[in-house]
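> Quick one: this structure, given as structure tokens, is what I'll be asking you about.
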Amino acid sequence: MTPPPDQCPAHARSPLAGVVDLFGSENEKDPMGLYERLRTEHGPVAPVRLGDDVPAWLLLGYRENLEVARTPSRFSRDSRYWSAWAEGRIPDDSPLLPVVGWQPMCTFADGDEHERLRAALTDSMNRVDRRGIRRHITRFTHQLVNDFCAEGQAELVTGFAQRLPMLVLTQLLGMPDEYGPRLVEATRDLMKGSDTALRSDSYVTDTLRQLVERKRAQPGEDLASWLLSHPSELTEEEVVQHLRLVLLTGNETTTNLMANTLRMVLTDPRFRASLAGGHMTLPDAIEHVLWNEPPLTVIPGRWATGDTELGGRQIKAGDMLLLGLAAGNVDPAIRPDIGAPMYGNRSHLSFSGGPHECPGQDIGRAIADTAIDTLLLRLPDLRLDVPEAELNWVASWISRHLVALPVAFMPRRAETDPVDTSGMLLAPKPRPTRRAPADEALPAGEAATADTAAPPARVPWWTSLWRWLRG
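So that you can map any letter, position 87 of the sequence shown is 86 in numbering that gives the first Met the number 0, and since no number is skipped, the others follow by simple counting.
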């Protein structure tokens, strides 16, 4: 049979044929292995595709990631530069749009507009009292532990790591606790780009619009009310989209960070011994986890404002670039010895960098640090209940998270909540006179929230004795 001519439209070979699909099975099974293969074949910048016909460049090098993150004049965050979208090659029902479609918020703006929108978000988040929020995290942690402590076993991903961040975030936004479970499902669904991503996005957005309407009529001491009253004069739609940003990024990243840190504590005896012996603090340990297992493996996206060169590749105007955070963190150019400890070193890419560095990263650190510390105090004999080899992960194009973390411990009685959080979560505090630039280097070993940790409560000796007798 004579093969069809190359010019035949029905049989034309796709220009993306043979290009790795980040929605494909190889990425789902082993994203880190895929990144290393791409690094070997293509160097620090590799061509990839998202689905059948959406091309992109994946940044694998540490320096290339920073270069793109820090130069918005060449690589804009505004997805309206995206040539594939401008040319009508992205359908309106694409599952990519909830994540990369332009929206009126700071993550899709540059220059003065970015400064206006980001100032509203960062100023409002800086009004959160960090001591108060730690007490609130502690209270929620005790409640969750009380749910399973009498059983002597638990599953810490769905029963703890996925529940706690949204409980805190709904309080931060001024929402009732009962919104949490459905929002957890919806935010994860839309971020992984599933077939139901658009439906989940509509649910999240509609819920937040209702919240903003209520807070416009009855403001309170919460993030939604503060955004509405900020001098930047955000529109209601801008407020909705920034609340959506906090929910999406805050929940996914903090859940993954907690699960990854707990897995490390439970499976690496040296890691846990260093914590127990005081040789390493939990905030230092979290930075080590952020180097090796960032909560988001990929951040979309940046768009080239003109033809340019990056990592030996010719990038065309309107091309989409994906920040490869996980790949950049293990770039041999900056980590020749991948086994070397990175405790306390904050120069990783896990929260991006430059003007769009994650504004809520310290709240995420505080949730993970406080929750895990409280959990280990309540259940000091916590141990993995299955062989480590049986742990499974699921990966999407932008993240990789643990499916389950079964644990066992000696059964204990539920404890009365020792923390009074009335009026403590969102009490305004004096604003700092200076905020470090987003991409300013932080000294290695600096604790994430050392200046905000609540002093430990004094435990009576008879309580300590009773706990010791119970094991």
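Just so it is clear, CB atoms sit at the ideal spot from N, CA and C, and this is done for glycine as well.
Q152 and A407 look like a contact to me (Cβ under 8 Å); what is the Cβ gap, rounded to whole Å?
Confirmed, about 5 Å.
> Check whether the Cβ atoms of P354 and E236 sit closer than 9 Å, and answer yes or no.
Not closer than 9 Å, so no.
> Report the three-state DSSP secondary structure of W101 (helix, strand or coil).
In this structure, W101 counts as coil in the three-state DSSP scheme.
> List, from N- to C-terminal side, the beta strand (DSSP E) runs of 3 residues or more that fit wholly inside the segment 145-210.
Qualifying beta strand (DSSP E) stretches, in chain order: 152-154.
> Spell out a yes or no on whether the segment 153-164 and the segment 68-83 are touching, meaning 3 or more CB-CB pairs, one atom from each, closer than 8 Å.
Because the criterion of three Cβ pairs below 8 Å is not met, the segment 153-164 and the segment 68-83 do not touch.
> Determine the closest residue to G341 out of E292, A316, R312, with distance taken between C-alpha atoms.
Per the sequence shown, the amino acid found at residue 341 is Met instead of Gly. Among E292, A316, R312, the Cα nearest to that of M341 belongs to E292.
> For T304, collect the residues of the same chain with a Cβ closer than 8 Å to its Cβ; drop the 5 residues on either side in sequence, then sort them by chain order.
Only S72, R73, F74, S75, Y80, A316 meet the Cβ criterion.
> With three or more beta-carbon pairs closer than 8 Å as the criterion, would you say the segment 372-388 touches the segment 144-158?
The segment 372-388, when compared against the segment 144-158, does touch it at the 8 Å Cβ threshold.
> Determine the burial state of A376: buried for a count of at least 16 other Cβ atoms within 10 Å of its Cβ, exposed for fewer.
As written in the sequence, residue 376 is Leu, which differs from the Ala given in the question. The residue is exposed, with fewer than 16 neighbouring Cβ atoms inside 10 Å.
> Going by C-alpha to C-alpha distance, which of S24, D368, P335, L247 sits closest to N259?
Among S24, D368, P335, L247, the Cα nearest to that of N259 is on D368.
> May I ask you to report which of helix, strand or coil DSSP gives A9?
Note that A9 scores a pLDDT of 40, beneath 50, so its modelled location is shaky; the value from the coordinates is reported in the next line. Three-state DSSP puts A9 in a helix.
> Please list the segments of the beta strand (DSSP E) lying wholly inside the segment 299-348, counting only runs of 3 or more residues, in order along the chain.
Taking only runs of at least 3 residues, the beta strand (DSSP E) segments lying wholly in the segment 299-348 are 307-309, 312-314, 319-323.
> Check whether the Cβ atoms of L57 and L320 lie closer than 9 Å to each other.
Closer than 9 Å, so yes.
> So, are the CB atoms of P358 and T186 less than 9 Å apart?
Their beta carbons are not under 9 Å apart, which means P358 does not touch T186 by this criterion.
> Return the chain-ordered list of same chain residues with a C-beta closer than 6 Å to the C-beta of A325, the five sequence neighbours on each side being excluded.
Closer than 6 Å at the Cβ level, and outside the excluded window around A325, lie P293, T296.
> Quick check: the Cα distance between E251 and A196, rounded to an integer number of angstroms?
Distance between the alpha carbons of E251 and A196 is about 15 Å.
> Can you say whether R345 is buried or exposed, counting buried as having 16 or more other CB atoms within 10 angstroms of its CB?
Flag for R345 reads buried.
> Strictly under 9 Å for the Cβ-Cβ distance: is D188 near chain C by that measure?
Here there is only one protein chain, and chain C is not present.
> Does the Cβ of L21 have 16 or more other Cβ atoms within 10 Å, making it buried, or fewer, making it exposed?
With 16 or more Cβ atoms within 10 Å of its Cβ, L21 is classed as buried.
> Can the beta-carbon of R243 be found closer than 9 Å to that of T280?
No, the Cβ-Cβ distance between R243 and T280 is not below 9 Å.
> Which of the three DSSP states is assigned to S231 in this structure?
If DSSP states are grouped into helix, strand and coil, S231 belongs with coil.
> How many angstroms separate the CA atom of G110 from the CA atom of E414?
The alpha-carbon atoms of G110 and E414 are separated by roughly 51 Å.
> Within the segment 53-117, note down every full alpha helix (DSSP H) run reaching 4 residues or more, in order along the chain.
Fully enclosed alpha helix (DSSP H) runs of 4 or longer: 61-69, 82-85, 96-99.
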